[in-house]
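Quick notes on the structure that follows.
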Amino acid sequence: MKILFVIESLHLGGAEKSLVTLLNKLKDKDFQIDLLIFKSGGELESDIPHKVHIIRKNIKIGFLDRIILKLSKLTHTKVHHAQLFRKYILKNTENFKHSYDVAIAYNQGLATYYVSERIKANKKLAWINVEYTKAGYSIEKDIQFYRKFDQIVTVSKPACENFSEALALIGEKSIEPMVIKDITNNEEIRRKASAFDPKFENNIFHICSVGRLVYQKNYTLAIKAASILKLKGYQFKWHIIGDGAERKQLNKLIDKFKLNEDFILYGSKINPYPYIHHADIFVQTSKSEGLGLTVIEAKILQKPVVATAFAKDNGIIIHEKTGLISPSTPNSIAENIERLINDIDLRQQISKQPYSVDDDEIKTLNLIENLIRAI
Numbered sequence: 001m002k003i004l005f006v007i008e009s010l011h012l013g014g015a016e017k018s019l020v021t022l023l024n025k026l027k028d029k030d031f032q033i034d035l036l037i038f039k040s041g042g043e044l045e046s047d048i049p050h051k052v053h054i055i056r057k058n059i060k061i062g063f064l065d066r067i068i069l070k071l072s073k074l075t076h077t078k079v080h081h082a083q084l085f086r087k088y089i090l091k092n093t094e095n096f097k098h099s100y101d102v103a104i105a106y107n108q109g110l111a112t113y114y115v116s117e118r119i120k121a122n123k124k125l126a127w128i129n130v131e132y133t134k135a136g137y138s139i140e141k142d143i144q145f146y147r148k149f150d151q152i153v154t155v156s157k158p159a160c161e162n163f164s165e166a167l168a169l170i171g172e173k174s175i176e177p178m179v180i181k182d183i184t185n186n187e188e189i190r191r192k193a194s195a196f197d198p199k200f201e202n203n204i205f206h207i208c209s210v211g212r213l214v215y216q217k218n219y220t221l222a223i224k225a226a227s228i229l230k231l232k233g234y235q236f237k238w239h240i241i242g243d244g245a246e247r248k249q250l251n252k253l254i255d256k257f258k259l260n261e262d263f264i265l266y267g268s269k270i271n272p273y274p275y276i277h278h279a280d281i282f283v284q285t286s287k288s289e290g291l292g293l294t295v296i297e298a299k300i301l302q303k304p305v306v307a308t309a310f311a312k313d314n315g316i317i318i319h320e321k322t323g324l325i326s327p328s329t330p331n332s333i334a335e336n337i338e339r340l341i342n343d344i345d346l347r348q349q350i351s352k353q354p355y356s357v358d359d360d361e362i363k364t365l366n367l368i369e370n371l372i373r374a375i
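Numbering follows UniProt numbering, with no gaps: position 325 of the sequence shown is 325.
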């Protein structure tokens, strides 16, 4: 069976990590797998199994089109950039020469448009890894593409509900999205967590967050919470693993609150797990998440978690049992972190709570494999 996966790049991100894990789980099955990416050089490319054939599709856009696109971004700030970019992608690409039994767009946006319009396959599947409308997508602009897929897969119940609500607003009844959680390789995460010691300073409290430095991750909230903790006299280091478009403005905010020694931006790390493993707690302040893979990874490593409402809504944290759910205000985030700093028993109690991710891993793989084979 010939399968094509399409994703924009293999830079560090939840969808990208999930895809790498899935490909490594499928490599020994009776599948011939191609992986098409638009941007080369991603940190995760080296983790793709040798049996998977990587196709690099470089898209060249003319000078005039680039100017129009830049102007469009300035005048349509509420529209997701992928929806602005799609006509230039399709204009500058031809139909792909190979055909497949199954073609899978592993994230929304460019991968979805390309599989919809440029790939010939007996069956097409599309993954949605975000809460669609909260991420800035408009269903009116995308429905023509999603109608060409045999199944839409979302990674959590809230993501499914959000997409279903968008469909209902335009009266679309033929599409019924389903939920399949992102897959994790729990053994691999635990192994990588022991790969090295980040040499954290002794006798102070260590906090870790992992994610791209983008608006959705809401690091402004984390910095303001850190400022409150510092004003209260707490000694801590908050380790941020990830990079992105907001790095410059976050550095300015760190300077403003005099947190240069306390709130540390490391940039991207291909192996963030030792930082999570050696931290006292894990904190995620996102405005929304399709699922929240980094929180799941922190729970695999038995870390107490403070997270905003997405973690409860997505069913990955039970408040006061497997973590603490916080309102999205600086004071609330700071107060919940303060609880874990001061209450060692609570930290240990949360850390010891079993998390059934090993069962999730098997269930997810079976669901995906059954979906692929059901032609």
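Ideal placement from N, C-alpha and C gives every residue a C-beta, glycine not left out.
In chain order, what residues of the same chain have a beta carbon less than 7 angstroms from the beta carbon of residue i, not counting five sequence neighbours either side?
{"i": "residue 63", "result": "In this predicted model, residue 63 has a pLDDT of only 49, less than 50, meaning its place in the structure is not dependable enough to derive any value."}
{"i": "residue 133", "result": "162 and 166"}
{"i": "residue 150", "result": "123, 124 and 125"}
{"i": "residue 325", "result": "307, 309, 311, 312, 317 and 319"}
Tell me whether residue i sits in a helix, a strand or coil according to DSSP, three-state version.
{"i": "residue 17", "result": "helix"}
{"i": "residue 149", "result": "coil"}
{"i": "residue 204", "result": "coil"}
{"i": "residue 296", "result": "helix"}
{"i": "residue 163", "result": "helix"}
{"i": "residue 324", "result": "strand"}
{"i": "residue 63", "result": "With a pLDDT of 49 at residue 63, under the threshold of 50, the modelled position of that residue is not reliable, and the figure given next carries that caveat. If DSSP states are grouped into helix, strand and coil, residue 63 belongs with the helices."}
{"i": "residue 181", "result": "coil"}
{"i": "residue 46", "result": "helix"}
{"i": "residue 126", "result": "strand"}
{"i": "residue 94", "result": "coil"}
{"i": "residue 142", "result": "helix"}
{"i": "residue 187", "result": "helix"}
{"i": "residue 169", "result": "helix"}
{"i": "residue 301", "result": "coil"}
{"i": "residue 106", "result": "coil"}
{"i": "residue 254", "result": "helix"}
{"i": "residue 311", "result": "helix"}
Looking only at its own chain, which residues have a Cβ that is under 6 angstroms from the Cβ of residue i, when we skip the five neighbours before and after it?
{"i": "residue 265", "result": "240"}
{"i": "residue 105", "result": "6, 111, 112, 115 and 126"}
Thinking C-alpha only, which one of the options is nearest residue i?
{"i": "residue 39", "options": "286, 218 and 58", "result": "58"}
{"i": "residue 347", "options": "362, 370 and 299", "result": "299"}
{"i": "residue 380", "options": "102, 251 and 20", "result": "Shown here, the chain extends from 1 to 375; a query on residue 380 therefore has no answer."}
{"i": "residue 119", "options": "93, 137 and 108", "result": "93"}
{"i": "residue 112", "options": "127, 122, 99 and 98", "result": "127"}
{"i": "residue 301", "options": "32, 192, 150 and 328", "result": "192"}
{"i": "residue 225", "options": "307, 314, 202 and 374", "result": "307"}
{"i": "residue 197", "options": "90, 7, 279 and 313", "result": "279"}
{"i": "residue 216", "options": "99, 50 and 290", "result": "290"}
{"i": "residue 30", "options": "52, 287 and 42", "result": "52"}
{"i": "residue 342", "options": "233, 104 and 99", "result": "233"}
{"i": "residue 227", "options": "349, 330 and 319", "result": "330"}
{"i": "residue 13", "options": "34, 325, 244 and 90", "result": "244"}
Report all residues from its chain with a CB closer than 8 angstroms to the CB of residue i; omit the five preceding and five following residues, and keep chain order.
{"i": "residue 204", "result": "235, 236 and 237"}
{"i": "residue 179", "result": "153, 154, 155, 156, 157, 159 and 160"}
{"i": "residue 250", "result": "213, 219, 220, 223 and 265"}
{"i": "residue 351", "result": "302, 303 and 304"}
{"i": "residue 174", "result": "147"}
Indicate whether residue i and residue j have their beta-carbon atoms separated by less than 8 angstroms.
{"i": "residue 124", "j": "residue 130", "result": "no"}
{"i": "residue 37", "j": "residue 18", "result": "no"}
{"i": "residue 183", "j": "residue 22", "result": "yes"}
{"i": "residue 283", "j": "residue 209", "result": "yes"}
{"i": "residue 369", "j": "residue 229", "result": "no"}
{"i": "residue 297", "j": "residue 189", "result": "yes"}
{"i": "residue 364", "j": "residue 333", "result": "no"}
Look at the alpha carbon of residue i and the alpha carbon of residue j, and state the distance between them as a whole number of angstroms.
{"i": "residue 304", "j": "residue 353", "result": "10 angstroms"}
{"i": "residue 144", "j": "residue 117", "result": "10 angstroms"}
{"i": "residue 366", "j": "residue 27", "result": "14 angstroms"}
{"i": "residue 309", "j": "residue 172", "result": "29 angstroms"}
{"i": "residue 267", "j": "residue 32", "result": "35 angstroms"}
{"i": "residue 138", "j": "residue 108", "result": "12 angstroms"}
{"i": "residue 199", "j": "residue 110", "result": "40 angstroms"}
{"i": "residue 187", "j": "residue 181", "result": "18 angstroms"}
{"i": "residue 195", "j": "residue 274", "result": "7 angstroms"}
{"i": "residue 328", "j": "residue 336", "result": "11 angstroms"}
{"i": "residue 223", "j": "residue 246", "result": "13 angstroms"}
{"i": "residue 147", "j": "residue 185", "result": "32 angstroms"}
{"i": "residue 87", "j": "residue 95", "result": "14 angstroms"}
{"i": "residue 214", "j": "residue 220", "result": "10 angstroms"}
{"i": "residue 260", "j": "residue 254", "result": "6 angstroms"}
{"i": "residue 135", "j": "residue 292", "result": "14 angstroms"}
{"i": "residue 7", "j": "residue 98", "result": "17 angstroms"}
{"i": "residue 48", "j": "residue 372", "result": "19 angstroms"}
{"i": "residue 295", "j": "residue 55", "result": "31 angstroms"}
{"i": "residue 4", "j": "residue 345", "result": "49 angstroms"}
{"i": "residue 11", "j": "residue 43", "result": "5 angstroms"}
{"i": "residue 20", "j": "residue 50", "result": "12 angstroms"}
{"i": "residue 314", "j": "residue 201", "result": "34 angstroms"}
{"i": "residue 321", "j": "residue 169", "result": "37 angstroms"}
{"i": "residue 206", "j": "residue 121", "result": "49 angstroms"}
{"i": "residue 41", "j": "residue 34", "result": "17 angstroms"}
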